[in-house]
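Note sheet for the following structure.
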RNA sequence: GGGUUCGUAGCUCAGCUGGGAUGAGCGCAUGCUUGACGUGCAUGAGGUCUGCGGUUCGAUCCCGCACGGACCCACCA
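What follows is the structure, encoded as structure tokens:
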């Protein structure tokens, strides 16, 4: 590797080269090592059909930061990667592809369809993986898994059979959500409620008289948003407490069109306040009505085919589409004089989260997981803190779900997925659940067995992910060593789909929880705070960003300044800023390398030189503090705060101050020892800072680190810096801060006085405090190199300083610049007057606090002491400024 | 309907458990061919911390109400 670094940082080429190096070196790979502490993370498996979007990029970045950090801390770190078969979305994609070729899925048949799907998976399944690599993800690719690979299939079957045997899985006739386009049932979590403009049709059914004739005067009026469901009505309900309808229970109404007589029932479910207080009951097509129907023993009449057309129970409407039928029914009711009115109405309609088709609730025989028992340990785990949710507010969402848990519908009428390991005996109807295909029916002994055609909900296999990927159901060394995993990183959106289901599945199958911490991060939004979505077209392609600015810049942008849990806005300017930072550290490194002499020994990691200048101690101490703070933040998973601190340190303290302070020592003649000390600090602080930054910006830090220290194989496997007591120099930290303040003060004066930058000005520093004078005497050089001083003198009083000299007061000292061309004394007076006013304000505030007895009594002693010191400093500055002001005023006269 | 969360500089956001907002980045203004970097350096302007009450010696921070956003859960015909 050349020590010649390019003038501007260019990630192109470099990132791919380094990634290849890491992969080849096997640094991503982990094997069980008894006695060594481990750190395990499983990736939320992205869909095989997927392409990387910003949400993934954020998710993977957070995980990679944790993983790289822990790896550097010496943990045997495994980041388990893989992809998810994504039952519905893959199946939809393949079906559409076939459609374009004019092939119908059902004509093609199950076998051929699956062949096609696997072919598709082979062809495109690798896309997302290669994109993850572009990001720099340090996954153990040798262990890559797929939710439908051999091992996962076995795991799914095993889990299903065990849960069936324990009675947690059952097959039942229940009302479910049906997507007529995808032709499958859906779990409640897959239903998305969308507000839609619709109508409320007010309809009346005539009552049946005592003698069985249809009343022409008595009607029950109600409203509905789905008139077509009347075909399946089997009752009309009123609230038992409703005075208006007293005595109607037991009577019947005529269901028009179908001419069926249906009873009036009383049920608490009916809200008397809403509309007329009458509800039509369609048990087969509404979850609430289903419950009412159960309570009153009502008939369930299914009126829909799977494609949402009306079935034979719809009589003359059979075969008609649901919405066409709606129109026709309304029209007929109108003709019958039973339509009372139509009202515009906006309401929430359940849609399929994948295809946004309006779902139809209908009754089907499906497989369910009984949740009442399974959920208990999952609740307990979070309640008792065995699983920690970050941020804390996630708990409420979690319990909100667990408290209202309903049984989980796990069967899907699809082909792509894990086929349910259940067989039905055609002869005796026995259902057999088995790990392997049974030969004969254990009940009747015949062999007419057919396997359930359905597959399992994708999340059934994802729920096993933390242990199935490590070898379960076998008892493998990997499983024993790496499980339970440590941290799970994911977005809010799949807390119910995935996180909770992993927790109870793991507890059920493994007897333990799958991880101890879950980090929920927010959504990546666009510059206006909108969700990035395909339909809005506001999505930013992470790969395009990587191509333009580099993966490091993208990663930094995603985590900086934004803490986990809240949403973030993503836009180009922010990435540019990150890119600029990459360029900054690149150039700082370039500067340091350029200043190394031919054949000079590399200094990183060498013992600290015995003698050091104050600024050396300052930067070492500041870095040391940074190590402590950044690590503490990371331990609290405050990744954004941690990296912000590293960023500020590198850019401001290291580049803008330390490097500038040290330049004269690098060029100066006859100061080899001093130069060497400076070079030591430059190389070590740079190298250390690269380590702290490495989890966030893996590529550039690797390149710099390996150039800085040619013997190091990789920063990836170097050790994470630790706080060192011998590098704590609080005194030097304070003195350099004082110097910085003085330099800033002088620069400010020069600027406001319009002193040409090329003009060198003599500076007199006046301080009554010998300790302060010593600081300035030691830092003499800085006034010349950083503040444009032609010379600087340090003295106890203002002896010999011109009355009209410009002054600036800082805590402990006043600096004078005898600018002979200070013509505008009035302006200077004005400036000082303003300053004096500010100090007055400070003193008033300070006095108020220090004379406040309750403050003195209740505040911490350090706070009080601090306040006293502040007051003293302000008093001193105040007297200095007012003194100078007097002189100026006098000199003007 | 129930719940969560946010409202700080022109913009996007920090502000760690109540004690001076020397807040950050971008943008803006002024100056800078200083031997790493103009993807840079220096200096500066800009905030009644959404409003109103309350608790407190003291509130951007705690409580209540209002206004304005974001989100989650449930779903009523």
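In my numbering, the protein residues as written are 438 to 1330.
From the three backbone atoms N, C-alpha and C, an ideal C-beta is built for every residue, glycine too.
These figures come from a predicted structure and were not determined experimentally.
Proximity of residue i and residue j at Cβ, strictly below 7 Å
i            : j            : result
residue 514  : residue 465  : no
residue 1130 : residue 1083 : yes
residue 1249 : residue 1283 : no
residue 846  : residue 888  : no
residue 1080 : residue 997  : yes
residue 924  : residue 1301 : no
residue 797  : residue 615  : yes
residue 940  : residue 815  : yes
residue 1305 : residue 1169 : no
residue 1005 : residue 961  : yes
residue 1332 : residue 1124 : This structure cannot settle anything about residue 1332, because the visible part of the chain is limited to 438 through 1330.
residue 788  : residue 631  : yes
Any non-hydrogen atom of the ligand PLP closer than 6 Å to residue i Cβ
i            : result
residue 1181 : This structure lacks the ligand PLP; in fact it carries no ligand of any kind.
Euclidean distance between Cα positions of residue i and residue j
i            : j            : result
residue 1135 : residue 989  : 7 Å
residue 778  : residue 658  : 11 Å
residue 863  : residue 935  : 36 Å
residue 687  : residue 672  : 11 Å
residue 825  : residue 958  : 14 Å
residue 1088 : residue 1071 : 20 Å
residue 1036 : residue 1146 : 13 Å
residue 1252 : residue 1330 : 24 Å
residue 591  : residue 856  : 11 Å
residue 1295 : residue 1309 : 22 Å
residue 439  : residue 1144 : Residue placement at residue 439 cannot be trusted, given a pLDDT of 39 that sits under 50; the coordinates are not used to answer.
residue 733  : residue 613  : 20 Å
residue 536  : residue 542  : 8 Å
residue 1024 : residue 1033 : 14 Å
residue 1327 : residue 993  : 57 Å
residue 966  : residue 1007 : 8 Å
residue 1312 : residue 1280 : 7 Å
residue 1021 : residue 1297 : 42 Å
Run of the beta strand (DSSP E) containing residue i, from where it starts to where it stops
i            : result
residue 781  : 776-789
residue 1254 : 1250-1254
residue 482  : Note, residue 482: premise wrong, no beta strand (DSSP E); not H, not E.
residue 634  : 628-645
residue 1247 : 1243-1247
residue 803  : 797-806
residue 986  : No beta strand (DSSP E) contains residue 986, which is instead part of the alpha helix (DSSP H) from 979-986.
residue 1274 : Element bounds for residue 1274: not the beta strand (DSSP E) but the alpha helix (DSSP H), 1262-1287.
residue 869  : 868-870
First and last residue of the uninterrupted alpha helix (DSSP H) at residue i
i            : result
residue 550  : 547-561
residue 1203 : No alpha helix (DSSP H) holds residue 1203; the beta strand (DSSP E) holding it covers 1198-1203.
residue 1309 : 1298-1329
residue 1217 : 1217-1224
residue 1331 : Past the boundaries of the shown model lies residue 1331; the chain is included only from 438 to 1330, so the question cannot be answered.
residue 836  : 831-840
residue 820  : 812-820
residue 506  : 491-509
residue 1185 : 1167-1189
residue 459  : 451-462
residue 1052 : 1051-1072
Exposure of residue i, with buried meaning 16 or more beta-carbon neighbours within 10 Å
i           : result
residue 763 : buried
residue 937 : buried
residue 854 : buried
residue 893 : buried
residue 473 : exposed
residue 865 : exposed
residue 444 : exposed
residue 877 : exposed
residue 505 : buried
residue 848 : buried
Segments assigned beta strand (DSSP E), at least 3 residues, entirely inside the segment 1076-1143: Entirely contained in the segment 1076-1143, not one beta strand (DSSP E) run reaches 3 residues.
Unbroken stretches of the beta strand (DSSP E), 3 residues or longer, contained in the segment 879-940: Taking 3 residues as the minimum length, the beta strand (DSSP E) runs contained wholly in the segment 879-940 are 886-888, 924-928, in order along the chain.
Runs of beta strand (DSSP E) lying entirely within the segment 655-684, each at least 3 residues, in chain order: You should have 672-675.
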